[in-house]
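Let me begin by presenting the structure, written as structure tokens, before commenting on it.
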Amino acid sequence: MRLADLVELAEMTGARVWLKMDGQRATHRWTVIISHAGTGFHHRRDVNRLDHVVKILRDELVRLPGDWSWLREPVEDLNEVAEFYEERGDDGEVVLIDRPDLLR
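At position 39 of the sequence shown (counting the first as 1) the number is 38 in numbering that gives the first Met the number 0, and the numbers step up by one without a gap.
Right under this line is the structure:
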């Protein structure tokens with residue numbers, strides 16, 4: 000599974016997922032925000048690495064209603080995506096991943 004697939008599948012189950020990488024911060028450069036309108040669920044967390052974001056997604060999404068059996072599949076492009084966005088962040092860009100089709 001690709002990171003875009005994970006975000007897209009989560010959204011198909013009713014969750015809204017935002018990922019942000021902010022190169023201006025020295026630590027906790029990655030932000031993950033998860034919400035679910037049907038349940039009022041909202042979770043936000045800042046972490047140092049993209050793999051931590053994926054762990055948070057997995058830990059929090061299973062709390063929501065729906066079939067999350069696919070959630071433990073490995074994310075194959077995690078290092079590639081992290082490198083791409085961290086490189087842009089080092090240039091001072093703030094990157095918000097709000098639509099999974101942008102990662103395709």
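Glycine is no exception: its CB is placed at the ideal position from the N, C-alpha and C atoms.
Continuous alpha helix (DSSP H) stretch holding MET20: start and end
In the sequence shown, the residue the question calls residue 20 occupies position 21. Segment 15-21 is the beta strand (DSSP E) holding MET20; no alpha helix (DSSP H) there.
Would you please verify whether the beta carbon of GLU59 is less than 8 Å from any beta carbon of chain B?
Absent from the structure: chain B. Only one protein chain is present.
Given that a residue counts as buried once 16 or more other Cβ atoms are within 10 Å of its Cβ, and exposed if not, what is VAL61?
Residue 61 sits at position 62 when you count from the first residue of the sequence shown. Under the 10 Å beta carbon count, VAL61 is surrounded by fewer than 16 other beta carbons and is classified as exposed.
Beta-carbon spacing of ALA25, LEU56 below 8 Å:
As a working mapping, residue 25 is identified with position 26 in the sequence shown. As a working mapping, residue 56 is identified with position 57 in the sequence shown. In this structure, the beta-carbon distance from ALA25 to LEU56 does not fall below 8 Å.
Helix, strand or coil: which one does DSSP assign to ARG87?
The residue given as residue 87 occupies position 88 in the sequence shown. In the structure shown, ARG87 sits in a helix (DSSP, three-state: H, G or I).
Nearest-angstrom Cα distance between GLU79 and GLY37?
Numbered from its first residue, the sequence shown carries residue 79 at position 80. Numbered from its first residue, the sequence shown carries residue 37 at position 38. Rounded to the nearest angstrom, the two C-alpha atoms are 33 Å apart.
Sorted by chain position, which residues of the same chain lie with C-beta nearer than 7 Å to LEU70's C-beta, five sequence neighbours on each side aside?
Working through the sequence shown from its first residue, we reach residue 70 at position 71. Cβ neighbours of LEU70 within its own chain (closer than 7 Å, five residues either side excluded): ARG57, LEU60, VAL61.
Span separating the alpha-carbon of LEU63 from that of LEU18
On the sequence shown, residue 63 is found 64 positions in, with the first residue counted as 1. On the sequence shown, residue 18 is found 19 positions in, with the first residue counted as 1. Between LEU63 and LEU18, the C-alpha separation is close to 18 Å.
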